Amino acid sequence: NAGVTQTPKFQVLKTGQSMTLQCAQDMNHNSMYWYRQDPGMGLRLIYYSASEGTTDKGEVPNGYNVSRLNKREFSLRLESAAPSQTSVYFCASTLSGALYEQYFGPGTRLTVT
Amino acid sequence: KNQVEQSPQSLIILEGKNCTLQCNYTVSPFSNLRWYKQDTGRGPVSLTIMTFSENTKSNGRYTATLDADTKQSSLHITASQLSDSASYICVVRHQAAGNKLTFGGGTRVLVKP
Chain A
1 NAGVTQTPKF QVLKTGQSMT LQCAQDMNHN SMYWYRQDPG MGLRLIYYSA SEGTTDKGEV
61 PNGYNVSRLN KREFSLRLES AAPSQTSVYF CASTLSGALY EQYFGPGTRL TVT
Chain B
114 KNQVEQSPQS LIILEGKNCT LQCNYTVSPF SNLRWYKQDT GRGPVSLTIM TFSENTKSNG
174 RYTATLDADT KQSSLHITAS QLSDSASYIC VVRHQAAGNK LTFGGGTRVL VKP
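Those protein sequences? They're chains A and B, same order as listed.
Using our numbering, you'd call the opening residue of the first sequence number 1 and step up by one each time.
Using our numbering, you'd call the opening residue of the second sequence number 114 and step up by one each time.
In structure tokens form, the structure reads like this:
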């Protein structure tokens, strides 16, 4: 049982390049999330998917797109990377319901130069 | 604005000593409050989840308290170990607002031998 996995672990992009961050969970969770974590700030929600086939914007969606490929996989795409998108990105998943905890992946450290 | 503020930002303690981390929030109404532990380079891992009707919850050497009237929570670490060196994040789940989570900025704890 791998939990939540993310690829890649590290990535360096030049301004304007595009890339997709991959996330997969094997816990049969309904909901999946993408967060970014910047120094001194709390995690901020980029996009989430409450269930397979649905996606919604979070707090900071500009510059990102997502795809809920199936129940297991939720990808985050940067179409034209900017230095402001330098951050650590975390994927998380949970069963539906207020008391279920979110399980986080190990993170992707992205640097945009 | 719904916020979660944590203090101190960082602290250093000697192995075997106790410490207490603070969390003040303005989220209202809230559904539950969580404490997460985040090791360097890893994703957050849940320690406790408390609803508004719970005053205290323990997980091994970690004890969380909640005062919903004053909107304050604390996390007490007893007999600290080197493995307790991590960031501790307070997270509040909104009862409305699509059940979103608001994350505090975290307290970085360093346990020294």
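All residues carry an ideal CB built from backbone N, CA and C; glycine is no exception.
In this text, all values refer to a predicted model and were calculated from it rather than measured experimentally.
Item: Alpha-carbon spacing of E59 of chain A relative to E128 of chain B, whole angstroms; Value: 39 Å
Item: Nearest residue (CA-CA) to P157 of chain B, options B:V224, B:Y201, B:R206 and B:R221; Value: B:Y201
Item: Exposure of Q102 of chain A, with buried meaning 16 or more beta-carbon neighbours within 10 Å; Value: buried
Item: Touching by the beta-carbon criterion (3+ pairs, under 8 Å), the region 164-184 of chain B and the region 83-91 of chain A; Value: no
Item: Contact set for K9 of chain A: own chain, Cβ-Cβ below 8 Å, skip 5 residues either direction; Value: P106, G107, T108 and R109
Item: Rounded separation between W148 of chain B and Y100 of chain A - CA only; Value: 13 Å
Item: Residue range of the unbroken beta strand (DSSP E) whose run includes M41 of chain A; Value: Careful: M41 of chain A lies outside any beta strand (DSSP E) and carries neither H nor E.
Item: Cβ neighbours of M32 of chain A in the same chain (closer than 6 Å, five flanking residues each side left out); Value: S49, F74 and S93
Item: N-terminal and C-terminal residue of the beta strand (DSSP E) that S144 of chain B is part of; Value: F143 to Q151
Item: Among B:L134, B:L124, B:K130 and B:K225, nearest to G217 of chain B - alpha-carbon criterion; Value: B:L134
Item: L195 of chain B, DSSP secondary structure in three states; Value: helix
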